[in-house]
Amino acid sequence: MLRYVTNRIMQMAISLFVVITVVYFLFRIIPGDPTSAYIDAGFTVEARQMVIERFGLDKPLNIQYWQYMKNIFRGDFGNSFYYRLPASEVVGDKIINTLILMVPAYLLAYIFGSLAGAFLSRKRGTKTENITTAIVLALRSAPVFWTGMLGIMLFSYRLGWLPNSGMRTPGYIEGSLFLSKFVNLDFLRHLTLPLLILSLNAIAIPLLLMRNTMIETFGEDYIDFCRAKGLPEWQILLKHNCRNALLPVITSAALAIGTAIGGQIIIEYIFGWPGLGREIVYATQRSDYPVAQFGLLLLAGSVMIMNLIADIFYAFLDPRIRIQ
Amino acid sequence: MLFLIPEYVFNKIERENVRKMRRTVRNKIVKIIRNIRNRKIISNSETDQRQYVSTYSLFFNILRKDKFALVGICIIIFFLSVGILGEKIAPFSPQQINRDEQGKILTLSPPTLKHPFGTTNMGRDVLSMTIVGTRVALVVGIIAAFSVTIIGTTFGLLSGYYGGWIDLIIMRVVDILYGIPLMPSVLVLIALLGANIWNFIIVVTLIAWRGTARIIRSQVLSLRERPFVKAAKVTGASDKRILFIHILPNVIPLVFLQMTLTIAWVIITEASISFIGFGDPQAISWGQVLHMAFLTGSARVAWWWIIPPGFAIMSLCLGIYFFSRTFEAVVNPRLREL
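For the record, the sequence lines run as chains C and S.
Count along the first sequence starting at 1, add 1224, and that's the number in our numbering.
Count along the second sequence starting at 1, add 29, and that's the number in our numbering.
Right, here's the structure in full:
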């Protein structure tokens, strides 16, 4: 087990290194030099030269790359062109905002999704199954930005129940403590709509996955054995069928949260949620490359860590994997 | 009489006989393999009642029984024909600024008989924009999904069949690609390379083949150990022959399943990227129509501007998902209706 884990961590370190390198060279193939976003058209040639020298852009590429890697190890990801602040500072605050939206949304989707999936696996070929599958697939097919817009249109503009954008009402005095910051009515009102839209979109995967694995494990020999033993049906369902069917669902949950941290930039954009994804969208729109670069690296890191957790968890639950 | 024949001639005859025998045995085995290959085991070993049905008739049987799949096909055919006809059936040019009788621009006009889905803030006809936008969604979805599937399947086959260092390298690359967050990377790459359809297709293909490769690989790993592949190896079939004639036909349903899911996924991703404002400025796509609605703040009043393009995305993807259920049932016998 320990060997498996260290192996996986080594793999992750190598992957991370490759991603950092690729991202670096990616941002260097931009047409024009990186300073074009920084320098005004009104700059004199000397001022321009000064900026280029200050960023070290006059040196050869391999020395620049070496410098960049050294800076990353020091935790220095460059300064934002737009905010004129270190990129890590700009992005750092946003992560917690993203997590506070994504984690509850996905937990909600996975809990309700797997329950409904287990329930559905017993309703094969009935009307209930057909209708639920159709609804769930429709929710999955509807793009988040569209359902989000419809939600805003209905609940914010027509009914006026929920705010349409942001995380707090402007001018709202927030407490400095974590709890008073995130557990209050104003924040919860802002959270409701994006949370619901996101979980409704995400619910299809756990539901269908749970249904399929339930049906699959239902045909296994040990279920027949439990029947032969004369166990009551509900006990077989909960203790033997569900537990084994949950395995792939849990792994997919870990992966989904990993990708959700970065994948759901759309929902943050449409609801004006001050998270990591929205910051990346803004940074790309403003050609603020250091922020976009750091955001991308951060997301890559978090996706990799979630993948690692999923793998270790899976190996822990299923011994066949770690023996290989 | 035997002793009259010199030894070397005798050896020659014997060798010839052995060769003949080998050839007949080999032909027999090849025939058996061909029979196994042309049929497919549909019931799993647990249920002990083996029936042999070809994959194609299985596919059509499931298709005929599943009403969802039928609905899906109808939806797909509808969108395909709208996409092909495009401008010909759109009542107005999507770029045309429409005016009323007095010559005033029809800004944000609610649905009327002349403009069934109303107009935008620039007086453009929403129905025409939605119709013309179909083509971009279909072209991007199909081309990107096709290239993703081809690349993913090829690497999955090679990786699963050969194993060893080929597998190691391909799987490490796949692992690295899995560490890349998809939407933000596509967004940043599109912003760097320039926003147009082809860049989008290239970027999506470069990242998204990882999933297909991993799934095809795991299928090939289990196929490699099946008796018919081993039998083919014994008779001396080349790797190329085993891969393309024995293994590939068995992963085809899975490949199609992956492809349909990828088409739906690409269509949604393209719409999302256009919605943020990195769509091809030359083309009119559904995401872009919504981008304009969101940017101008028209969501407050103009429900007719928002509902049609989003509904089109939803129904097209729903049709594709319904259709893909057929492939899913072919791939996974336990999901078939009893």
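C-beta atoms are modelled at their ideal positions from N, C-alpha and C, and glycine is treated no differently.
Bear in mind the structure is a predicted one, so any value in this text is a computation, not a measurement.
Taking only beta-carbon atoms, is Leu1470 (chain C) less than 8 Å away from chain S?
-> For this step, residue 1470 (chain C) is matched to residue 246 along the first sequence. It does not: the Cβ of Leu1470 (chain C) has no partner Cβ on chain S nearer than 8 Å.
Grouping DSSP H, G and I as helix and E and B as strand, with all else coil, what is Thr148 (chain S)?
-> For the purposes of this step, residue 148 (chain S) is taken as the residue at position 119 of the second sequence. For Thr148 (chain S), the three-state secondary structure derived from DSSP is strand.
Any chain S beta carbon closer than 8 Å to Asn1321 (chain C) = Taking the first residue of the first sequence as position 1, residue 1321 (chain C) is located at position 97. No, its Cβ sits nowhere closer than 8 Å to a Cβ of chain S.
Residues in the region 323-339 of chain S having any Cβ partner in chain A nearer than 7 Å | The question asks about chain A, but that chain is absent: this structure's protein chains are C and S.
Please determine if the region 297-315 of chain S and the region 251-258 of chain S are in contact, where contact requires at least 3 C-beta pairs separated by less than 8 Å.
-> no
Under the assumption that Thr289 (chain S) contacts Ile349 (chain S) (Cβ atoms under 8 Å), give the Cβ distance between them as a whole number of angstroms.
-> By one-based count along the second sequence, residue 289 (chain S) stands at place 260. By one-based count along the second sequence, residue 349 (chain S) stands at place 320. Yes, they are in contact, since the Cβ atoms of Thr289 (chain S) and Ile349 (chain S) sit about 5 Å apart, within 8 Å.
Tyr1330 (chain C): contacting residues in chain S (beta-carbon distance under 7 Å) = On the first sequence, residue 1330 (chain C) is found 106 positions in, with the first residue counted as 1. The contacting residues do not exist; Tyr1330 (chain C) stays about 15 Å from chain S at best.
Output the distance between the C-alpha atoms of Gln78 (chain S) and Phe323 (chain S), rounded to the nearest integer angstrom.
-> For the purposes of this step, residue 78 (chain S) is identified with residue 49 of the second sequence, where counting begins at 1. For the purposes of this step, residue 323 (chain S) is identified with residue 294 of the second sequence, where counting begins at 1. With a pLDDT of only 48 at Gln78 (chain S), under 50, the local geometry of the prediction cannot be trusted, and the value read off the model is given with reservation. A straight line joining the alpha-carbon of Gln78 (chain S) with that of Phe323 (chain S) spans about 58 Å.
Give me the Cα-Cα distance between Thr1441 (chain C) and Leu250 (chain S), rounded to the nearest whole angstrom.
-> Here the question's residue 1441 (chain C) lines up with position 217 in the first sequence. Here the question's residue 250 (chain S) lines up with position 221 in the second sequence. Straight-line Cα distance between these residues: approximately 21 Å.
Taking contact to mean at least 3 C-beta pairs separated by less than 8 Å, is the region 274-287 of chain S in contact with the region 1339-1349 of chain C?
-> no
Between which two residues does the alpha helix (DSSP H) harbouring Met1577 (chain C) extend?
-> The structure shown does not extend to residue 1577 (chain C), since chain C is modelled only from 1225 to 1548, so the question has no answer here.
Ordered along the chain, which non-local residues of its own chain (more than five positions away) have a Cβ less than 6 Å from that of Arg1435 (chain C)?
-> Here residue 1435 (chain C) is taken as the residue at index 211 of the first sequence, counted from 1. Once the five neighbours on either side are set aside, the close Cβ partners of Arg1435 (chain C) are Gly1341, Leu1344, Ser1345.
Consult DSSP for Asp196 (chain S) and reduce its assignment to one of helix, strand or coil.
-> Position 167 of the second sequence, counting from 1, holds the residue named residue 196 (chain S). In the structure shown, Asp196 (chain S) sits in a helix (DSSP, three-state: H, G or I).
So which of C:Gln1273, C:Leu1433, C:Leu1431, C:Leu1461 has the shortest CA-CA distance to Glu1444 (chain C)?
-> In the first sequence, counting from the first residue as 1, residue 1444 (chain C) sits at position 220. Selected option, being the one with the closest Cα: C:Leu1461.
So which residues on chain C does Ile305 (chain S) lean against when the C-beta distance must stay under 9 Å?
-> Here residue 305 (chain S) refers to the residue found at position 276 when the second sequence is read from its first residue. Correct list: Phe1369, Ile1489, Ile1490, Tyr1493, Val1505, Thr1508, Gln1509.
Under the three-state reduction of DSSP, which class applies to Ile62 (chain S): helix, strand or coil?
-> The sequence position of residue 62 (chain S) within the second sequence is 33, counting from 1. Here Ile62 (chain S) sits in helix by DSSP.
Span separating the alpha-carbon of Asp129 (chain S) from that of Val111 (chain S) | Within the second sequence, numbered from 1, the residue matching residue 129 (chain S) stands at position 100. Within the second sequence, numbered from 1, the residue matching residue 111 (chain S) stands at position 82. C-alpha separation (whole angstroms): 28 Å.
Whether Pro1418 (chain C) touches Leu1325 (chain C) by CB criterion (8 Å) | For the purposes of this step, residue 1418 (chain C) is taken as residue 194 along the first sequence, with counting starting at 1. For the purposes of this step, residue 1325 (chain C) is taken as residue 101 along the first sequence, with counting starting at 1. Yes, they are a contact pair.
N-terminal and C-terminal residue of the alpha helix (DSSP H) that Ala1358 (chain C) is part of = Start at 1 with the first residue of the first sequence, and residue 1358 (chain C) comes out as number 134. Residues 1351-1365.
Determine the closest residue to Phe121 (chain S) out of S:Ile302, S:Thr148, S:Gly101, with distance taken between C-alpha atoms.
-> Sequence index remark: in the second sequence, residue 121 (chain S) carries index 92 (1-based). Taking only the C-alpha atoms, the option nearest Phe121 (chain S) is S:Thr148.
Using a Cβ-Cβ distance under 8 Å, would Ser1239 (chain C) count as near chain S?
-> For the purposes of this step, residue 1239 (chain C) is taken as the residue at position 15 of the first sequence. Ser1239 (chain C) counts as touching chain S.
So what does Asn1303 (chain C) bridge to, in DSSP terms?
-> The residue given as residue 1303 (chain C) occupies position 79 in the first sequence. Asn1303 (chain C) is bridged to C:Pro1310.
If the cut is a Cβ gap below 8 Å, which residues of chain C does Met343 (chain S) touch?
-> Looking up residue 343 (chain S) in the second sequence gives position 314. Near Met343 (chain S) (Cβ distances below 8 Å), the residues of chain C are Ala1362, Ser1365, Ala1366, Pro1367, Trp1370.
Should the region 1281-1292 of chain C be called in touch with the region 1465-1479 of chain C, which here means at least 3 C-beta pairs below 8 Å?
-> no
With a cut-off of 8 Å, does the C-beta of Val1527 (chain C) fall near any C-beta of chain S?
-> Position 303 of the first sequence holds residue 1527 (chain C). True, the Cβ-Cβ gap to chain S drops below 8 Å.
Residues in the region 210-233 of chain S with C-beta within 9 Å of chain C's C-beta atoms, listed in sequence order?
-> Pro210, Leu211, Met212, Pro213, Ser214, Leu216, Val217, Leu218, Ile219, Ala220, Leu221, Leu222, Gly223
Straight-line Cα distance separating Leu1226 (chain C) from Ser267 (chain S) = Position 238 of the second sequence, counted from the start, is the residue given in the question as residue 267 (chain S). Position 2 of the first sequence, counted from the start, is the residue given in the question as residue 1226 (chain C). Rounded to whole angstroms, Ser267 (chain S) to Leu1226 (chain C) spans 41 Å at the Cα level.
Taking the CB atoms as reference points, tell me whether Ile342 (chain S) and Ile313 (chain S) lie closer together than 8 Å.
-> Indexing the second sequence from 1 puts residue 342 (chain S) at position 313. Indexing the second sequence from 1 puts residue 313 (chain S) at position 284. Contact flag unset, no.
So, helix, strand or coil for Ile134 (chain S), using DSSP?
-> The sequence position of residue 134 (chain S) within the second sequence is 105, counting from 1. Of the three classes helix, strand and coil, the one that applies to Ile134 (chain S) here is strand, per DSSP.
Test item: CB-CB of Thr136 (chain S) and Asn150 (chain S) under 8 Å = Position 107 of the second sequence, counting from 1, holds the residue named residue 136 (chain S). Position 121 of the second sequence, counting from 1, holds the residue named residue 150 (chain S). Yes. Within cutoff.
What residues in the region 1289-1301 of chain C bring their beta carbon closer than 8 Å to a beta carbon of chain S?
-> none
At 7 Å on the CB atoms, spell out the chain S contacts of Val1243 (chain C), in chain order.
-> On the first sequence, position 19 is the one that residue 1243 (chain C) refers to. Ile205, Gly208, Ile209, listed in chain order.
Under 7 Å Cβ-Cβ, which residues of chain C neighbour Leu109 (chain S)?
-> The residue given as residue 109 (chain S) occupies position 80 in the second sequence. Chain C residues near Leu109 (chain S): none, gap ~17 Å exceeds 7 Å.
Residues of chain C with a CB under 9 Å from the CB of Ala300 (chain S): which are they?
-> Working through the second sequence from its first residue, we reach residue 300 (chain S) at position 271. Ordered by position in chain C, the residues that pass the 9 Å Cβ test against Ala300 (chain S) are Pro1367, Phe1369, Trp1370.
Would you report the Cα separation of Val232 (chain S) and Val215 (chain S), rounded to the nearest angstrom?
-> Here residue 232 (chain S) refers to the residue found at position 203 when the second sequence is read from its first residue. Here residue 215 (chain S) refers to the residue found at position 186 when the second sequence is read from its first residue. In a straight line, the C-alpha of Val232 (chain S) is about 6 Å away from that of Val215 (chain S).
When the Cβ atoms of the region 1503-1523 of chain C are set against those of the region 54-62 of chain S, are three or more pairs found closer than 8 Å?
-> no
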